[in-house]
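Colleague: Chains A and B are the protein sequences, given in the same order. Under my numbering, the first residue of the first sequence carries the number 490, and numbering increases by one thereafter. Under my numbering, the first residue of the second sequence carries the number 490, and numbering increases by one thereafter. Submitted below is the structure of interest, expressed as structure tokens.
There are 2 protein chains.
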Amino acid sequence: MTLAILFGGSSYEHEISIVSAITLKKVLKRIAPVFIFVDGERDFYLIEADRMKSKTFSSGEYKKSKRLTLEKGGFFSSSGGLLGGKKKPVAFDVLLNLIHGRDGEDGKVAGLMEFFGIPFLGPRLEASVLSYSKLDTKLLAEALGITTLEYRVLRRGGERRVDLAYPLIVKPVHLGSSIGVSVVRSDAELDYALDVAFEFDDQVLIEPFVEGIVEYNLAGCKTSAWELSLIEEPQKEEFLDFDKKYMDFSRDSRVREAVLDEGLKERLEDAFRMIYDPLFLGSLIRCDFFVVDGVIHLNEINPIPGSMANYLFEDFEGLLERLAASLPRESRIPIDYRYIDSIQKAKGKA
Amino acid sequence: MTLAILFGGSSYEHEISIVSAITLKKVLKRIAPVFIFVDGERDFYLIEADRMKSKTFSSGEYKKSKRLTLEKGGFFSSSGGLLGGKKKPVAFDVLLNLIHGRDGEDGKVAGLMEFFGIPFLGPRLEASVLSYSKLDTKLLAEALGITTLEYRVLRRGGERRVDLAYPLIVKPVHLGSSIGVSVVRSDAELDYALDVAFEFDDQVLIEPFVEGIVEYNLAGCKTSAWELSLIEEPQKEEFLDFDKKYMDFSRDSRVREAVLDEGLKERLEDAFRMIYDPLFLGSLIRCDFFVVDGVIHLNEINPIPGSMANYLFEDFEGLLERLAASLPRESRIPIDYRYIDSIQKAKGKA
């Protein structure tokens with residue numbers, strides 16, 4: 490299988506996506522991917538494997554790489570020249586969407602790939618939108634009967650008071666990787682935290698911040714069968730700030746399994762399966778759960794986890810291959826002009 | 490203002506979109522749009538205004554028109570020749586997304602336009618996804634405190650029994666224009682209706698079918714102020730089948746305003762505004778409401794109504810111009826490689 494890894498994007502998590510891609514290059518032994526970079530201007534570049542170093546991007550050197558265009562059926566390079574030159578497709582079987590945040594997780598990449606007919610690993614359009622918005626994620630969980638923490642939503646320019654007790658956690662509705670997130674303990678702190686969060690988003694989600702809450706992360710996908718990762722209890726500071734999260738995205742060594750009783754493990758896995766199927770078919774996602782008084786709460790769905798949560802799986806490369814072999818396909822819609830023909834006939838025009 | 494109208498698409502409503510576009514050509518007096526057609530293979534064509542007749546498409550003649558490519562900043566034609574030739578942009582200020590159903594309403598066009606930086610009238614990504622799925626629409630309405638009819642969801646290959654009393658209405662979750670919709674009165678009819686609906690979708694929504702239910706349609710958008718249409722009480726047969734709906738998409742004459750008391754009118758308008766703002770900014774939508782025992786129920790959101798519901802507005806052309814002048818803009822995300830730089834420094838590499 491030839492895998493294309495699409496990374497970068499016009500996103501606050503642009504750099505994190507680069508780190509993710511470099512990490513995958515290290516992790517993948519059998520699969521030798523081709524790397525397609527989307528820069529901040531949304532231009533595409535084919536990056537040679539030996540140039541997959543952070544400096545290539547931060548220095549702007551990537552601009553010397555081959556420019557690509559996205560068209561029906563794939564990505565193409567041109568031989569250059571005044572008139573554009575002859576087009577050559579980039580050869581790959583399936584593309585891995587590794588753009589974190591905007592462009593990758595908001596549904597744009599899913600839309601582009603589906604429209605241009607490129608098979609891809611990653612959340613489809615509806616799955617992207619529902620997991621990109623922390624608010625839509627709550628509605629989804631509710632519809633599935635999965636509890637989430639209590640919450641309020643504030644809008645930029647609107648009311649700033651909330652009827653929840655401190656401490657609270659303030660989050661932009663549409664960002665990941667802890668960007669713009671604050672824990673606050675007073676009205677003054679809340680006000681400042683809202684200023685920060687509204688820098689990134691028009692809507693802000695506010696939840697109780699529960700000290701010492703127990704968190705469990707579980708990743709997986711459905712191929713010909715369910716493939717769930719081990720369950721990790723992430724070591725937590727108050728919460729991961731951007732720098733720490735950044736390092737987190739370059740993880741490539743396996744973690745220790747959380748010690749938890751069999752009943753809870755099963756309930757976490759059941760919740761994962763309910764969330765995943767059918768919405769997330771075709772993607773490898775990580776769900777982050779809280780457990781409060783024995784009750785499972787969905788905290789977040791990561792439809793494109795950092796470095797694809799490779800560190801949670803025994804056979805990560807095999808998993809990608811099996812997932813690539815079981816992608817959902819768009820149905821083909823026949824266009825037969827039956828109705829136009831019949832109307833023309835009725836009008837005596839045909 | 491030069492308007493580009495994008496129509497067609499790989500959609501069960503492909504033909505309806507053609508009818509919509511032809512109708513708009515008739516309706517628009519001041520604005521002379523350019524027409525960009527997406528065929529069933531998702532190839533783009535520039536259709537000259539005098540060829541905007543249904544026959545151009547049903548006969549396949551459209552293939553003689555100029556082929557276009559979609560790239561950063563717009564649509565381009567090439568002068569032809571072996572090497573592709575020089576590219577020429579199609580000149581327009583703003584694009585109207587008039588693709589009904591898949592591609593247009595599922596979020597793909599929104600994703601394409603945002604990614605390639607093309608200003609457009611139509612639902613953004615999140616708005617598309619939430620209105621394209623009748624199930625997500627229910628969740629959205631619930632979150633806003635707007636009632637909807639009771640419902641059940643069935644999945645292809647799953648359980649076929651429902652605990653609701655007949656008559657019921659069976660709808661594919663993701664289609665518009667009454668495609669695959671049936672009213673059923675017995676288990677046998679339900680079974681057959683499910684076979685039909687599952688032809689079009691993996692998920693099917695089932696609701697009570699309320700005979701003689703009162704329906705009100707209200708369209709509008711937010712420009713520098715709210716611009717709401719008159720409220721129509723559509724003349725109903727049991728429900729519109731595809732043929733009738735098809736004719737419905739070519740409507741170009743104004744309708745009579747529904748007679749309803751001022752209180753109900755205000756409540757319908759309030760519900761519309763709650764649904765629209767901020768999710769649907771940039772689009773002109775039509776909301777279809779039921780009123781049962783004085784309670785407003787949201788039935789459906791049409792994020793791209795047939796022929797843009799032109800017949801509901803006094804000054805439709807002015808409305809399009811004012812909407813084009815008040816589009817939401819994607820925020821620009823600065824990419825500064827601050828984190829990569831700081832990590833390289835920490836590692837002594839910079």
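Built from N, CA and C at the ideal position, the CB exists for glycine as well.
Let me make sure I understand the geometry here. Which of Arg-745(B), Val-784(B), Ile-774(B) and Leu-773(B) has the alpha-carbon closest to that of Glu-755(B)?
Modeller: Stepping through the second sequence from its first residue, residue 755(B) is reached at position 266. Per the Cα distances, Val-784(B).
Colleague: Leaving out five residues on either side along the sequence, give the residues of the same chain with a beta carbon under 6 Å from the beta carbon of Leu-557(B).
Modeller: In the second sequence, the residue the question calls residue 557(B) occupies position 68. For Leu-557(B), where only same-chain residues beyond five positions count, the Cβ hits under 6 Å are Phe-533, Leu-535, Phe-564 and Ser-566.
Colleague: Quick check on Ile-785(B): does DSSP put it in helix, strand or coil?
Modeller: The count along the second sequence starts at 1 and reaches residue 785(B) at position 296. Strand at Ile-785(B).
Colleague: On the criterion of 16 or more Cβ atoms from any shown chain inside 10 Å, does Val-670(B) qualify as buried, or is it exposed?
Modeller: Walking along the second sequence from the start, residue 670(B) turns up at place 181. Its Cβ being crowded by 16 or more others within 10 Å, Val-670(B) is buried.
Colleague: Let me confirm a value: Gln-692(A) is counted as buried when at least 16 other C-beta atoms fall within 10 Å, else exposed. Which label applies?
Modeller: To locate residue 692(A), count along the first sequence from 1; it is residue 203. Buried.
Colleague: Mind checking who Phe-805(B) pairs with in its DSSP beta bridge?
Modeller: Start at 1 with the first residue of the second sequence, and residue 805(B) comes out as number 316. None, per the DSSP bridge assignment.
Colleague: Starting from Phe-761(B) and walking both ways along the alpha helix (DSSP H), at which residues does that stretch end?
Modeller: The residue given as residue 761(B) occupies position 272 in the second sequence. 751-765 is the extent of the alpha helix (DSSP H) around Phe-761(B).
Colleague: Verify whether the separation of the beta carbon atoms of Ser-547(A) and Tyr-826(B) is less than 7 Å.
Modeller: Here residue 547(A) refers to the residue found at position 58 of the first sequence. Here residue 826(B) refers to the residue found at position 337 of the second sequence. Their beta carbons are under 7 Å apart, which means Ser-547(A) touches Tyr-826(B) by this criterion.
Colleague: The beta strand (DSSP E) with Gly-596(B) in it runs from where to where?
Modeller: For the purposes of this step, residue 596(B) is taken as the residue at position 107 of the second sequence. That residue, Gly-596(B), is in no beta strand (DSSP E); it is neither H nor E in DSSP.
Colleague: From Val-508(B) to Glu-502(B), what distance separates their C-alpha atoms?
Modeller: Residue 508(B) sits at position 19 when you count from the first residue of the second sequence. Residue 502(B) sits at position 13 when you count from the first residue of the second sequence. Distance from the CA of Val-508(B) to the CA of Glu-502(B), rounded to the nearest whole angstrom, comes to 10 Å.
Colleague: Quick check on Tyr-534(A) - is its C-beta less than 7 Å from some C-beta in chain B?
Modeller: As a working mapping, residue 534(A) is identified with position 45 in the first sequence. No, its Cβ sits nowhere closer than 7 Å to a Cβ of chain B.
Colleague: Since Pro-817(A) and Leu-770(A) should fall inside the 8 Å C-beta cutoff, what is the C-beta to C-beta distance between them, to a whole number of angstroms?
Modeller: Here the question's residue 817(A) lines up with position 328 in the first sequence. Here the question's residue 770(A) lines up with position 281 in the first sequence. That pair is a contact at about 5 Å.
Colleague: Are there 16 or more other CB atoms within 10 angstroms of the CB of Pro-794(B), so buried, or fewer, so exposed?
Modeller: Working through the second sequence from its first residue, we reach residue 794(B) at position 305. Buried is the call here.
Colleague: On a Cα-Cα basis, can you pick out the residue from Leu-773(A), Leu-683(A), Glu-704(A) and Cys-710(A) that is closest to Val-748(A)?
Modeller: Position 259 of the first sequence, counted from the start, is the residue given in the question as residue 748(A). Closest by alpha carbon: Glu-704(A).
Colleague: My output table needs one value for Leu-614(B): the three-state DSSP class, helix, strand or coil.
Modeller: For the purposes of this step, residue 614(B) is identified with residue 125 of the second sequence, where counting begins at 1. Leu-614(B) falls in the helix class under three-state DSSP.
Colleague: Could you have a look at Phe-604(B) and say whether DSSP puts it in helix, strand or coil?
Modeller: Against the second sequence, residue 604(B) aligns to sequence position 115. In this structure, Phe-604(B) counts as helix in the three-state DSSP scheme.
Colleague: Taking the alpha helix (DSSP H) that Arg-641(A) belongs to, which residues open and close that run?
Modeller: Indexing the first sequence from 1 puts residue 641(A) at position 152. Careful: Arg-641(A) lies outside any alpha helix (DSSP H), inside the beta strand (DSSP E) at 641-644.
Colleague: Rounded to whole angstroms, what is the Cα-Cα separation between Asn-706(A) and Asn-799(A)?
Modeller: Taking the first residue of the first sequence as position 1, residue 706(A) is located at position 217. Taking the first residue of the first sequence as position 1, residue 799(A) is located at position 310. Looking at the two C-alpha atoms, the distance is approximately 13 Å.
Colleague: For Gln-855(B), return the contacting residues in chain A, with the cut-off set at a CB-CB distance below 9 Å.
Modeller: There is simply no residue 855(B) to check, as chain B begins at 490 and stops at 839 in what is shown.
Colleague: Does the Cβ of Gly-665(B) have 16 or more other Cβ atoms within 10 Å, making it buried, or fewer, making it exposed?
Modeller: As a first step, residue 665(B) is located in the second sequence; it is residue number 176 there, counting from the start. Gly-665(B) is buried by the Cβ-count criterion.
Colleague: Which of the three DSSP states, helix, strand or coil, is assigned to Ile-505(B)?
Modeller: For the purposes of this step, residue 505(B) is taken as residue 16 along the second sequence, with counting starting at 1. The answer is helix: DSSP assigns Ile-505(B) an H, G or I state.
Colleague: What beta strand (DSSP E) runs, 3 residues minimum, are completely inside the segment 681-725 of chain B?
Modeller: The qualifying runs are 692-697, 703-711 and 715-717.
Colleague: Of all Cβ atoms in chain A, is any one closer than 7 Å to the Cβ of Tyr-563(B)?
Modeller: Residue mapping note: residue 563(B) aligns to position 74 of the second sequence, counting from 1. Here residue 563(B) is Gly; the residue named in the question, Tyr, does not match the sequence. It does not; no Cβ of chain A falls within 7 Å.
Colleague: In the DSSP assignment, find the unbroken beta strand (DSSP E) run with Arg-650(B) in it and report its ends.
Modeller: For this step, residue 650(B) is matched to residue 161 along the second sequence. Taken as a continuous stretch (DSSP letters only), Arg-650(B) belongs to no beta strand (DSSP E), as it is neither H nor E.
Colleague: Per DSSP, what kind of secondary structure is Ile-520(A) in: helix, strand or coil?
Modeller: Here residue 520(A) refers to the residue found at position 31 when the first sequence is read from its first residue. Coil at Ile-520(A), not helix or strand.
Colleague: Can you check which of these residues, Gly-837(B), Tyr-681(B), Leu-629(B) and Leu-801(B), is closest to Ala-760(B) by C-alpha distance?
Modeller: As a working note, residue 760(B) is residue 271 in the second sequence. The candidate whose alpha carbon is nearest that of Ala-760(B) is Leu-629(B).
Colleague: For Asp-595(B) and Gly-600(A), what's the separation of their Cα atoms in angstroms?
Modeller: As a working note, residue 595(B) is residue 106 in the second sequence. As a working note, residue 600(A) is residue 111 in the first sequence. Those two C-alpha atoms are separated by around 9 Å.
Colleague: Comparing C-alpha positions only, which one of Lys-836(A), Lys-577(A) and Ser-820(A) sits nearest to Asp-562(A)?
Modeller: Position 73 of the first sequence, counting from 1, holds the residue named residue 562(A). Reading off the sequence, residue 562(A) comes out as Gly, not Asp. Of Lys-836(A), Lys-577(A) and Ser-820(A), the residue nearest in Cα terms is Lys-577(A).
Colleague: When the Cα of Arg-650(A) is compared with those of Thr-512(A), Ser-675(A), Glu-639(A) and Glu-560(A), which residue comes out closest?
Modeller: Stepping through the first sequence from its first residue, residue 650(A) is reached at position 161. Checked all of Thr-512(A), Ser-675(A), Glu-639(A) and Glu-560(A); the closest Cα to Arg-650(A) is Ser-675(A).
Colleague: If you draw a straight line from the alpha carbon of Glu-688(A) to that of Arg-745(B), how long is it in whole angstroms?
Modeller: One-based indexing of the first sequence puts residue 688(A) at position 199. One-based indexing of the second sequence puts residue 745(B) at position 256. If you take the alpha carbons of Glu-688(A) and Arg-745(B), they lie about 46 Å apart.
Colleague: Identify whether Phe-581(B) lies in helix, strand or coil by the three-state DSSP scheme.
Modeller: Start at 1 with the first residue of the second sequence, and residue 581(B) comes out as number 92. Coil.
Colleague: By a C-beta neighbour count over all protein chains shown, 10 Å radius and 16 as the cutoff for buried, is Pro-823(A) buried or exposed?
Modeller: Numbered from its first residue, the first sequence carries residue 823(A) at position 334. For Pro-823(A), the number of other beta carbons within 10 angstroms of its own is below 16, and it is reported as exposed.
Colleague: Quick check on Ser-543(B): does DSSP put it in helix, strand or coil?
Modeller: The sequence position of residue 543(B) within the second sequence is 54, counting from 1. In this structure, Ser-543(B) counts as helix in the three-state DSSP scheme.
Colleague: Comparing alpha-carbon positions, which option in Leu-719(A), Lys-836(A), Val-527(A) and Thr-712(A) lies nearest Ser-499(A)?
Modeller: Mapped onto the first sequence, residue 499(A) falls at position 10. Comparing Cα positions, the closest option is Val-527(A).
Colleague: Can you tell which of Pro-661(A), Met-797(A), Phe-698(A) and Leu-492(A) has its C-alpha closest to the C-alpha of Leu-683(A)?
Modeller: Along the first sequence, one-based indexing puts residue 683(A) at 194. Closest by alpha carbon: Pro-661(A).
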